[in-house]
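Sequential numbering from 727 applies to the sequence shown in the numbering used here.
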Amino acid sequence: MTYLIFATLCSVSIILFLRFSEGINLNRYVVTSANYLIASVITLFLVLKGDILLDSDGMWSFLTEFWDVFRNSKTFSNAASPWWALFLGVIAGNFFFLAFIYYQKSLKESGVAVTGVIGKLSVVVLPPFFALVLWLEIPGPIRCLGIVFAIISVLLSGKKTGESHLKPSVAVILFFMFSGFAEFFNKLFQKYATISTRPLFLFAVFSTALVISMPFVIRSRKPRWIEVGIGLVVGVPNLFSSFFLISALNSVPASVAFPLYGIGSLMLMSIGGMLLFKEILDKKDWLMIASAVVSIALLSGGN
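Right, dumping it as structure tokens:
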């Protein structure tokens, strides 16, 4: 659970830092690209330090092992794992960027409240569902109840504002899907690769997203240094939230890890907003926190 706590703290720190910079009119494409850039640089350093190599023998092993690994739920060999990390990371990078694009569109069409709820629901619901379908990771009755409380907590987190209604627009649906898939790729990597190739997987994810995002930056207005700086600062916890989440998935089932990750982040963000920004929590907020505490207790202690 230690790695899951670290992943949650990293996730919360991103939101709280962006909350500090709310008054600045930021070019989100620049912030996001700078975030991908620093994550790519750090993971490239870890790849070189770990001497993670891609060679022709490893590629052949990857191709010959591919179907056997998935048919029999095995792990790729040490030689083949780097190629799985690269292959999956490039695909995941596209989903990470698409999730960001539809996050922006959902904000414009449906408002902050709906987008925030949908983002957390995608983490709480989709990865555990995929794990259930693919690997029959079936939580026990206590943990099922914990997942129910997690969903209730997310729904309670939606503010009653005139701008927001839970309407299934195309942007909202696509954001829900791409965001859930992006998080699930962490589990797909952990399930079939050796953990030592994790830096290569994350490098492929963030460098792919960086390449895709650059045309959007070029077409937008001239970047400001403050936007680049904020992106660089946010990129470090963004990278390590995935880094620690992958480590957590080695010992915690996806049906438990993702709801804990999503609901823990939500609860800490509310508490952080109250302590750091003097936000007033109403009855609905306190109900959300209480429901989150119950969910965390059930998911952590259940079978």
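Don't be surprised by glycine CBs; every beta carbon is placed ideally from N, CA and C.
contact_flag[the stretch 967–984, the stretch 994–1002] where n(CB pairs < 8 Å) is 3 or more: no
Where T923 falls, given that 16 or more other Cβ within 10 Å makes a residue buried: Taking the sequence shown and counting its residues from 1, one reaches residue 923 at position 197. With 16 or more other Cβ atoms within 10 Å, it is buried.
Three-way DSSP call (helix, strand, coil) for M727 in this model: Translated into positions along the sequence shown, residue 727 becomes position 1. Here M727 sits in coil by DSSP.
Length of the line joining the Cα atoms of S759 and Y987: For the purposes of this step, residue 759 is taken as residue 33 along the sequence shown, with counting starting at 1. For the purposes of this step, residue 987 is taken as residue 261 along the sequence shown, with counting starting at 1. Each residue's alpha carbon lies about 25 Å from the other.
Any chain B beta carbon closer than 7 Å to I1022: No chain B appears in the structure shown, which is made up of a single protein chain.
Three-way DSSP call (helix, strand, coil) for V978 in this model: Translated into the one-based positions of the sequence shown, residue 978 becomes position 252. DSSP places V978 in coil when its eight states are reduced to three.
As assigned by DSSP and simplified to three states, the class of I1015: The residue labelled residue 1015 in the question sits at position 289 within the sequence shown. Three-state DSSP puts I1015 in a helix.
Separation of S991 from T734, as counted between CA atoms: In the sequence shown, residue 734 corresponds to position 8, counting from 1. In the sequence shown, residue 991 corresponds to position 265, counting from 1. Going from the Cα of T734 to the Cα of S991 covers about 6 Å.
Proximity below 7 Å, CB of N912 to CB of L971: Against the sequence shown, residue 912 aligns to sequence position 186. Against the sequence shown, residue 971 aligns to sequence position 245. The answer is yes: Cβ separation under 7 Å.
Which listed residue (E909, V896, A765, L780) has its alpha carbon closest to that of V937: Sequence index remark: in the sequence shown, residue 937 carries index 211 (1-based). Of E909, V896, A765, L780, the residue nearest in Cα terms is A765.
Cβ distance (whole Å) where L1025 is taken to contact R869 below 8 Å: What you label residue 1025 is simply residue 299 of the sequence shown in a count that begins at 1. What you label residue 869 is simply residue 143 of the sequence shown in a count that begins at 1. Yes, they are in contact, since the Cβ atoms of L1025 and R869 sit about 6 Å apart, within 8 Å.
Assigned exposure category for P941 - 16 Cβ within 10 Å defines buried: The residue given as residue 941 occupies position 215 in the sequence shown. It counts as exposed.
C-beta atoms of V816 and T934 nearer than 7 Å: Here residue 816 refers to the residue found at position 90 of the sequence shown. Here residue 934 refers to the residue found at position 208 of the sequence shown. Yes. Within cutoff.
The stretch 900–910 touching the stretch 786–806, judged by at least three CB pairs closer than 8 Å: no
Contact the stretch 804–813 vs the stretch 772–788: 3+ CB pairs below 8 Å: yes
Straight-line gap, V960 to F746 (C-alpha atoms, nearest Å): Working through the sequence shown from its first residue, we reach residue 960 at position 234. Working through the sequence shown from its first residue, we reach residue 746 at position 20. Their Cα atoms are separated by approximately 12 Å.
Backbone secondary structure at H891 - three-state DSSP: Counting from 1 along the sequence shown, the entry for residue 891 is found at position 165. Model confidence at H891 stands at a pLDDT of 48, short of 50, so the residue's coordinates are unreliable; what they give is reported in the following sentence. Three-state DSSP puts H891 in coil, outside helix and strand.
Contact test: L789 Cβ vs the ligand GDP heavy atom, cutoff 6 Å: Only the bare structure without any ligand can be found here, which leaves the ligand GDP out of the picture.
Sequence-distant residues of its chain with Cβ nearer than 8 Å to I864 (five each side left out): Here residue 864 corresponds to residue number 138 of the sequence shown, with the count starting at 1. These residues qualify, in order along the chain: L858, S981.
Cβ pair S1021, G866 closer than 7 Å: Numbered from its first residue, the sequence shown carries residue 1021 at position 295. Numbered from its first residue, the sequence shown carries residue 866 at position 140. Against a cut-off of 7 Å, the Cβ pair of G866 and S1021 comes out as no contact.
Own chain, CB closer than 8 Å to L744, minus 5 neighbours either side, in chain order: Numbered from 1 along the sequence shown, position 18 holds the residue referred to as residue 744. So the qualifying residues of the chain are I956, V960.
Exposed unless 16 or more other CB atoms sit within 10 angstroms - verdict on V896: Here residue 896 refers to the residue found at position 170 of the sequence shown. Label assigned to V896: exposed.
Host alpha helix (DSSP H) of R945 (start-end): As a first step, residue 945 is located in the sequence shown; it is residue number 219 there, counting from the start. Where R945 is concerned, the enclosing alpha helix (DSSP H) stretches over 924–945.
T728, buried or exposed, once every other Cβ within 10 Å from all chains shown has been counted against 16: Residue mapping note: residue 728 aligns to position 2 of the sequence shown, counting from 1. Exposed is the call here.
Beta-carbon contacts of A818 that lie in its chain and below 7 Å, excluding the five residues immediately before and after: Position 92 of the sequence shown, counted from the start, is the residue given in the question as residue 818. Contacts found: A908, F911, V931.
E909, DSSP secondary structure in three states: Looking up residue 909 in the sequence shown gives position 183. E909: helix per DSSP, three-state reduction.
Member of S946, T920, F821 whose CA lies at the smallest distance from the CA of N753: The sequence position of residue 753 within the sequence shown is 27, counting from 1. The candidate whose alpha carbon is nearest that of N753 is S946.
Whole-number beta carbon distance between L882 and M1014, since they are thought to touch under 8 Å: Along the sequence shown, one-based indexing puts residue 1014 at 288. Along the sequence shown, one-based indexing puts residue 882 at 156. The Cβ separation is near 4 Å, so the contact holds.
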